[in-house]
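Heads up: the structure comes next, in structure tokens.
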Amino acid sequence: MKRSKTKNSLAPRAKKCQATSGLLKEGDEVASDNKGWKVLNAGLVSVAQKIEHYEIATYGCLRGWARLLGNKEGAGLLQGILVEEKAANHALSELARFRSNNEARGECSTTDFCGDGKDAKSLNGRRGVRPVGAVSSRLVSMAR
Ligand SMILES: [Fe+2]
-19 MKRSKTKNSL
-9 APRAKKCQAT
1 SGLLKEGDEV
11 ASDNKGWKVL
21 NAGLVSVAQK
31 IEHYEIATYG
41 CLRGWARLLG
51 NKEGAGLLQG
61 ILVEEKAANH
71 ALSELARFRS
81 NNEARGECST
91 TDFCGDGKDA
101 KSLNGRRGVR
111 PVGAVSSRLV
121 SMAR
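In the numbering used here, the protein residues as written are -19 to 124.
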């Protein structure tokens, strides 16, 4: 508050974003916790999307504030960044939809994955792959 009273204090300065740092740490944890599991890429994509959503919210707010302050140039620049962030999020959604989520499901067949898990566990045991319940719980824990 004190700094906002003088014009010079409004000069841009670098500041570490704690939210992004936390999300990057989450990505490191997903990578290490799921190394060797087929859910790894799905988990990493989900963390990347969390970062994109955070960036979209941030740049959207900044663009709005620039507009409120009558800073058309700044609002235009922020709009450009916002478009890029939304495109990145869309690309990640497509990656999840057409690749990483299917990789994660590759631990079992579609019918196994959609069932109650009991039969799938025994089927997976015969195939020598990890049980469906373990895959499902990994995906759920990464979504939190
Ligand atoms: Fe981004």
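Note that beta-carbon positions come from the ideal geometry of N, C-alpha and C, so glycine has one too.
Item	Value
Taking 7 Å as the cut-off, is the CB of A68 close to at least one heavy atom of ligand 1?	yes
By DSSP, does R(-7) sit in helix, in strand, or in coil?	coil
For the segment -4 to 3 and the segment 52 to 60, state whether three or more C-beta atom pairs, one from each stretch, are separated by less than 8 Å.	no
Given Y34, which residues of its chain have a CB within under 8 Å of its CB, disregarding the five upstream and five downstream residues?	A(-1), T0, L3
In the DSSP assignment, the alpha helix (DSSP H) including L3 goes from what residue to what residue?	-2 to 13
Counting Cβ pairs, one atom from each stretch, are 3 or more of them under 8 Å apart for the segment 19 to 35 and the segment 61 to 77?	yes
Can you tell me whether K30 is helix, strand or coil according to DSSP?	helix
Going by other Cβ atoms of all chains shown within 10 Å of its Cβ, with 16 needed for buried, is V63 buried or exposed?	exposed
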